[in-house]
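Encoded as structure tokens, the structure appears first; notes follow it.
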Amino acid sequence: MGIRSPYLLEYLPEDQCCSCCSPETRHVSLLCKHVEKPALSVVENSKKLRTFLVPSFGEHLKDFGRALDKIFHQLKYLRLLDLSSSTLTVLPDSVEELKLLRYLDLSRTEIKVLPNSICNLYNLQTLKLIGCIWIMELPKDLANLVKLRNLELEEMFWFKCSTLPAGIGKLTNLHNLHVFRVGSKSGYRIEELKELPYLTGKLHISKLENAVNGGEAKLSEKESLHKLVFEWSNNRDSSPQSQDVSGDEERLLEDLQPHPNLEELQIFNYFGNSLPQWMRDGRLQNLVSLTLKGCTNCRILSLGQLSSLRVLNIKGMLQLEKWPNDEDCRFLGRLKISNCPRLNELPECMPNLRVMKIKKCCSLKALPVTPFLQFLILVDNLELENWNERCLRVIPTSDNGQGQHLLLHSFQTLLEMRAINCPKLRGLPQIFAPQKLEISGCDLLSALPNSEFSQRLQLLALEGCPDGTLVRAIPETRSLNFMILSKISNLDSFPRWPNLLGLKALYIRDCKDLVSLSGEGALQSLTSLNLLSIRGCPKLETLPDEGLPTSLKCLIIVSCSSLKSLGPRGTLKSLNSLKDFYIEDCPLLQSFPEDGLPENLQHLVIQNCPLLTQQCRDGEAEGPEWPKIKDIPDLEIDFICNRSPIMPEKKKASWYRPLVGRGGLKGRKQMEQGEPSGLAGCKLIFDWVTQVLEQRNRQNYMRLLSMLQAALLNNNPFEELQFYTFMLWCVV
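Sequence positions in the sequence shown follow the UniProt record's numbering and run 1 to 732.
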């Protein structure tokens, strides 16, 4: 076995501490749940210990008990001490006895205050406080730790901590300082950053209105900083700024010139009239991401030749009018502009743009068309009218100019487009082939992509169209799987869609003038339709006489106050694939079709339909409609939920109640009250679906999980629609 050196690291189980430790032992790591006894043994037998590690044992918190005080008083040679994941709530002042300590880990403890005595550890190089959620401030004499290199804190700490201790600039070896708040008093001024040449990663400098000479920070010499955030307080008065204040901020930002290695820059609440010269001259050749937020007085966006820029976010630049066309935007991949009411033009040439989001730019009248755009989101652009397609031409796909060509200005690679509340938008680009298209509040828009460019369209949502023109303009395509039609006024019936052979889910919501679902036999031609949801159509009185698609597997009817009939004989009986039927808030509905419901129906829910409920129960006896539904395996009706003593208790079908898709304030109230509807019920659906998918298809299971997470995170009805429809596609 050889001779074991006493200086090697010992990994000691609890029962071997006494036998293995000796006065010559220098490095110990304990692997045990109960720490106190073996730690006492180590202290008693190894006075010259230099490393004392106690790795985490699962979720078990370490309790050092009496051993902690002995460690501080007796292990005078200790260089590395790990107290992480322990029950420690108070760090004793005696920690200052460890004069040679270089590494101290207090992560994931419940310490609330660090004693100032810790600042007497003059040799300390690393202090780890990851997961110490109760620590709100650092000890006041932190500047005494002149050898400190790594101060590791949770990102949230920098938002909780109101100010750092004075004299942080004395920590000349410090590598990570995420936030520095500039003050006007000595020890808090911006020159504290001057002697911190080793700073790496991210630095957020806030309260810059207190800074006088930005050059004192010497940011141009800090080559390891990759992200900088410059922030002025947002509670200042931005209306007409005096020339002096504006000029002061311009000079300050000019003096804060970063090192050319900088990759990400964010500027918040800057009131200068122009961007700094070092940005306009293109000195930041490695800059990948730029954010400008609340820079209210800048009129011209002068970015110069930033050849590496990939991401540009602009928000709240209220005076911004012009983005010069000669700017180098060749490699820009993501562009987000919000609340820039005077911006009237964007550069024409952005050939590598993948994501573009334009919101509340009320003077913008035209948008450039880019060849590789994948996501386009337009919201509240009140003057947007058309597209800048003046440079339609082709580009070669090979260096020698041969081979396949692609139109430079087209949307052939588009995955998703949303146009919301753009009332003057008159048309879509000439070459336009999205996979997902949402249009809402675009009153003048009268045409959708023609059949030639619609063969990639998979999901279509139309909302707030004033006269049904867009509904009649739905293109003929077999690729369309999901469609939602909401708040379509002046539309009494749907046109015939003979070539939507791939449509699986159709949602009809809040169409106040809809009288008939199928004036031209529209639904009968949808031979692949699996899900039909009708909600909030107060003039709808009956289902179509010609029936519904026989492929239908789920039928949902909600809040149709005039609905009196579910159609004549055969309307539902012929739907041999129908398994789920949900009816709610239809007060005039009295009966099912004469010949009953499909034999394969598995789930039926009747809620708040008093006349129909009465026909299913007459007092305490069975009603005339009861024989039509009594054999359905999964049944939920108002009176059954109340556990009538006469009717047998049935298994409730509340797992799919969220398919009604309620949203808005009503849905949120129901969520707060615990009622499983809308997104509040996603978990009910998900629990049921995953039992199926885990057995069938792991890939679909993971995709469904990501959709559910997106729907819950964004509270977006469009993503909710995707979740529901894909869920049904997976399991029916």
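C-beta: ideal position from N, C-alpha, C; glycine also.
For residue i, is the classification buried or exposed, using 16 other Cβ atoms within 10 angstroms of its Cβ as the cut-off for buried?
| i | result |
| --- | --- |
| residue 797 | In the structure as shown, the chain starts at 1 and stops at 732, and residue 797 therefore has no counterpart that could be examined. |
| Asn213 | exposed |
| Met156 | exposed |
| Val146 | exposed |
| Gly201 | exposed |
| Ser184 | exposed |
| Asn269 | buried |
| Thr87 | exposed |
| Leu611 | exposed |
| Arg189 | buried |
| Arg236 | exposed |
| Phe453 | buried |
| Phe159 | exposed |
| Leu445 | buried |
To the nearest angstrom, report how far apart residue i and residue j are at their CA atoms.
| i | j | result |
| --- | --- | --- |
| Gln300 | Asn325 | Looking at the sequence shown, residue 300 is not Gln but Ile. Distance between the alpha carbons of Ile300 and Asn325: 11 angstroms. |
| His204 | Val90 | 30 angstroms |
| Pro593 | Ala433 | 43 angstroms |
| Phe230 | Cys295 | 11 angstroms |
| Gly316 | Ser94 | 52 angstroms |
| Leu196 | Ile135 | 24 angstroms |
| Glu192 | Leu265 | 21 angstroms |
| Ser206 | Gln277 | 21 angstroms |
| Met356 | Cys362 | 16 angstroms |
| His603 | Pro627 | 16 angstroms |
| Lys128 | His73 | 21 angstroms |
| Val600 | Asp580 | Here residue 600 turns out to be Asn, not Val, going by the sequence shown. About 9 angstroms. |
| Asp595 | Leu543 | 15 angstroms |
| Pro587 | Arg478 | 37 angstroms |
| Lys33 | Gln285 | 53 angstroms |
| Asn608 | Glu636 | 11 angstroms |
| Pro633 | Leu335 | 53 angstroms |
| Pro368 | Gly427 | 14 angstroms |
| residue 743 | Gly468 | Within the shown structure, residues of the chain are numbered from 1 to 732, placing residue 743 beyond reach of any answer. |
| Leu425 | Leu292 | 27 angstroms |
| Cys119 | Glu209 | 31 angstroms |
| Val109 | Ser84 | A small fix is needed here, since residue 109 is Thr in this sequence, not Val. Cα to Cα, Thr109 sits roughly 6 angstroms from Ser84. |
| Gln614 | Arg509 | 27 angstroms |
| Lys227 | Ser220 | 13 angstroms |
| Pro423 | Cys465 | 10 angstroms |
| Thr172 | Glu223 | 15 angstroms |
| Cys340 | Lys360 | 7 angstroms |
| Leu318 | Asn297 | 7 angstroms |
| Leu80 | Val42 | 15 angstroms |
| Leu376 | Leu448 | 16 angstroms |
Give the range of the alpha helix (DSSP H) segment to which residue i is assigned.
| i | result |
| --- | --- |
| Thr613 | Pro610 to Cys616 |
| Glu36 | Glu36 to Asn45 |
| Leu470 | Thr469 to Arg472 |
| Met279 | Gln277 to Arg280 |
| Asp634 | Premise fails: Asp634 lies in the beta strand (DSSP E), Asp634 to Ile637, not in any alpha helix (DSSP H). |
| Leu68 | Ala67 to Gln74 |
Checking the sheet assignment: what are the DSSP bridge partners for residue i?
| i | result |
| --- | --- |
| Trp387 | Leu367 |
| Gln607 | Glu584 |
| Met356 | Leu335 and Leu376 |
| Lys202 | Lys227 |
| Phe268 | Glu231 and Lys293 |
| Glu416 | Phe375 and Lys436 |
| Leu578 | DSSP, once it has assigned bridges, lists no residue as partnering Leu578. |
| Met483 | Leu460 and Leu506 |
| Cys554 | Leu531 and Asp580 |
| Tyr103 | Leu80 and Thr126 |
For a test of your reading of the model: does the CB of residue i fall under 6 angstroms from any non-hydrogen atom of the ligand FMN? Yes or no.
| i | result |
| --- | --- |
| Glu463 | As presented, the structure is devoid of all ligands, the ligand FMN included, so that no description of it is given. |
Note the first and the last residue of the continuous beta strand (DSSP E) segment covering residue i.
| i | result |
| --- | --- |
| His27 | His27 to Leu31 |
| Leu127 | Thr126 to Leu129 |
| Leu532 | Leu531 to Arg535 |
| Lys315 | Val311 to Lys315 |
| Phe159 | Segment Phe157 to Lys160 is the alpha helix (DSSP H) holding Phe159; no beta strand (DSSP E) there. |
| Val179 | Val179 to Arg181 |
| Phe52 | Thr51 to Leu53 |
| Glu348 | Counting along the chain, Glu348 falls outside any beta strand (DSSP E), and DSSP gives it neither H nor E. |
Sufficient close CB pairs (3 or more, under 8 angstroms) joining the segment 461-480 to the segment 496-508: With a cut-off of 8 angstroms, the segment 496-508 and the segment 461-480 count as touching, because enough Cβ pairs lie within range.
The segment 249-261 / the segment 300-309 touching (three or more Cβ pairs under 8 angstroms): Segments in contact, no.
Touching by the beta-carbon criterion (3+ pairs, under 8 angstroms), the segment 606-623 and the segment 569-576: With fewer than three CB-CB distances shorter than 8 angstroms, the segment 606-623 does not count as touching the segment 569-576.
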